[in-house]
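Residue numbers (the UniProt record's numbering): 1 to 716.
All C-beta atoms in this analysis are idealised placements derived from N, C-alpha and C, irrespective of residue type, glycine included.
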């Protein structure tokens, strides 16, 4: 109803104000200054050529009788900005979905789009200043006054207010006991600053969103304060308030205003010039920068992405009476069309995955036998136990030939902080740039959590002879498994280690390996069922062996000192089958480490496989005197009971099992709650106490990797 329009637009304006504050908060001017010359040239071409085309469109509009009261300069500026804009958040999402974030095309597009954003806001501010507070009828002196006042406001914000915000950010990062109260007060003060800045620019005669945007630029991007503010308001703004702005824009767009062949022909001209200017300008400069033709064309299509910023420009032009209802509808349809065409067009002309993997295999040096492990991490809490696991799994002699590829898995969502994280990760370098094998080299971490992960691996790399490569993989959960499997192929990994989707914490301080019969002392945190689906998909699609690691205290008591190492008791449960044989091989590899005491327990079934007997015979020969080999013949109805009893009574820190081993007796009746752990793993997870971690192995025979060098059965 018409009476609700003012309310809707008021709430939408508040949402837009805070969204532009978030845009300024996520835009790092330092990263734009560090962008390559190639990205700068591409962004410049993607702005200048559309402006030339906008001049031609403006001339056509004049000849067709379009609103003669609007000055030609103002019309040219609004059309030029609307045709030359690249929507940075939308582009980042498209790049993530197409798996292009870590490619040359993706990195160049992100850098160019960030620069394009800044230039677009400057040009829009100039267009608003020229239009004046009441539209095209304002005099030139008013426009000059607005422009001068706007420049003074920006200078004041970047010189004075920025220092104040740096002081606030520093205070919020200090570990003082009153910090919690201070955080609340400073966040409230910051949100009030958004409103005050918007009020000032509105008072000057520029739109209120510019004040909020500039205020966002003044907040330091390096500390915790920016992330804390963003987490507080982004869900409320982007989930509730901002959609109202889209609804308001949709209500203002009347497609029925586009009447007659001339109007529809004008729509075709606008869409054609928008696509041609952006794509041709970007393509030409990219070719001059020695980029391949297909990558250059894909980059041009990506840079043609429009989004919310386009709608903001058009709404302001409509408010200032520079654009009438017909032209407003034409430009909105143009923005929708150019955005919708991006993903299918890029998918049709550019498919980098196969080429990238082929080049990666060609560049690998296969002259030396190497052990390559790909380990996935959810957070810094996974790192200590992972390092202990790698230490236990490899002997001192094998460490010089071990390459550990550690990937920090980060979910990409629609939230603004995800786009900020992508931008920081791009500045950090992807993929596999952060290699800590050279002493004294370190790049700035993309977040405090990522810094802790990087520092831990750097320390481990210096303390051991293991070559560690640390990187960050940013992707949506529904396609995260593709990234993991592609990296495993690229790096020729023998095994992928996945963290279980639940994390255990010790609440009573009991050390690893404590005996007990319950879970009273453990707290369980579920990191999300989405990660559980990722693990299952990796198990289904991986072309190498996969291990699911359930950490229930394996990080406690490291393997660095002999006194602590003596407590590390590892058990391999053997029932039969390819996965159990693989688990036994890993256990025998652990037995070579003097810090590990190994126990192999074989449960005898009704039949024996020759392959099982051969592997067991070899294991018996290689076991040391202090290691133990046990064979158990159990009644069919008591297999599960005996299995749980043995693991509880021995106090093992780590149990290694096969995922799809042979089922004996009443194991066949067990309904697994966690199929990714297999029958034995699921039984032990539900029945054993804190301190007993699990390593569940799924074997891959390497047939699907036939023809690729140095790839075959997992051998640890």
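Count the other C-beta atoms from every protein chain shown that fall within 10 angstroms of the C-beta of residue i, then say buried if there are 16 or more, exposed otherwise.
i, result
"residue 531", "buried"
"residue 497", "buried"
"residue 382", "buried"
"residue 621", "exposed"
"residue 291", "buried"
"residue 140", "exposed"
"residue 674", "buried"
"residue 306", "buried"
"residue 508", "Unreliable placement is indicated for residue 508, whose pLDDT of 40 sits below 50; no coordinate value is reported for it."
"residue 72", "exposed"
"residue 1", "exposed"
"residue 612", "buried"
"residue 37", "exposed"
"residue 7", "exposed"
"residue 264", "exposed"
"residue 283", "buried"
"residue 541", "exposed"
"residue 671", "exposed"
"residue 110", "buried"
"residue 683", "buried"
Assign residue i to one of three DSSP states: helix, strand, or coil.
i, result
"residue 339", "helix"
"residue 718", "Outside the displayed range of the chain (1 to 716) lies residue 718, so it cannot be described from this structure."
"residue 502", "strand"
"residue 270", "helix"
"residue 526", "strand"
"residue 411", "strand"
"residue 582", "helix"
"residue 106", "helix"
"residue 520", "With a pLDDT of only 43 at residue 520, under the threshold of 50, the placement of this residue in the model should not be trusted; the figure read from the coordinates follows. If DSSP states are grouped into helix, strand and coil, residue 520 belongs with coil."
"residue 465", "coil"
"residue 471", "strand"
"residue 569", "strand"
"residue 476", "coil"
"residue 545", "strand"
"residue 574", "strand"
"residue 646", "helix"
"residue 562", "Reliability fails at residue 562, whose pLDDT of 43 lies under 50, so the model's placement of it is uncertain and no value is given."
"residue 664", "coil"
"residue 122", "helix"
"residue 682", "helix"
"residue 305", "coil"
"residue 594", "coil"
"residue 137", "Here residue 137 scores only 49 on pLDDT, less than 50, and its place in the model is too uncertain to base an answer on."
"residue 384", "helix"
"residue 170", "helix"
"residue 324", "coil"
To which residues does DSSP link residue i through a beta bridge?
i, result
"residue 700", "In the DSSP output, where bridge partners are listed per residue, residue 700 has none listed."
"residue 375", "406, 497"
"residue 658", "697"
"residue 629", "600"
"residue 550", "694"
Contact check, residue i vs residue j under 8 Å by CB: the rounded distance?
i, j, result
"residue 150", "residue 206", "5 Å"
"residue 216", "residue 24", "2 Å"
"residue 21", "residue 194", "5 Å"
"residue 654", "residue 554", "6 Å"
"residue 660", "residue 587", "Not really, about 17 Å apart at Cβ, beyond 8 Å."
"residue 390", "residue 373", "7 Å"
"residue 493", "residue 483", "At roughly 13 Å, the Cβ-Cβ gap does not stay under 8 Å, so residue 493 and residue 483 are not in contact."
"residue 114", "residue 27", "7 Å"
"residue 584", "residue 570", "Incorrect: roughly 12 Å between the Cβ atoms, too far for contact."
"residue 198", "residue 208", "4 Å"
"residue 120", "residue 57", "Going by Cβ atoms, the distance from residue 120 to residue 57 rounds to 17 Å, so no, they are not a contact pair."
"residue 656", "residue 572", "5 Å"
"residue 582", "residue 543", "Contact flag wrong, Cβ pair sits at about 15 Å."
"residue 538", "residue 481", "5 Å"
"residue 475", "residue 407", "Not a contact, Cβ separation roughly 11 Å."
"residue 453", "residue 409", "Their Cβ separation, rounded to whole angstroms, is 11 Å, which puts residue 453 and residue 409 out of contact at 8 Å."
Quiz item: For the stretch 209-270, which segments carrying the beta strand (DSSP E) assignment without a break, of at least 3 residues, lie completely within its bounds, in sequence order?
Solution: none
Exercise. Pick out the complete alpha helix (DSSP H) segments inside the stretch 49-93, 4 residues or longer, and give them in chain order.
Key: 72-84
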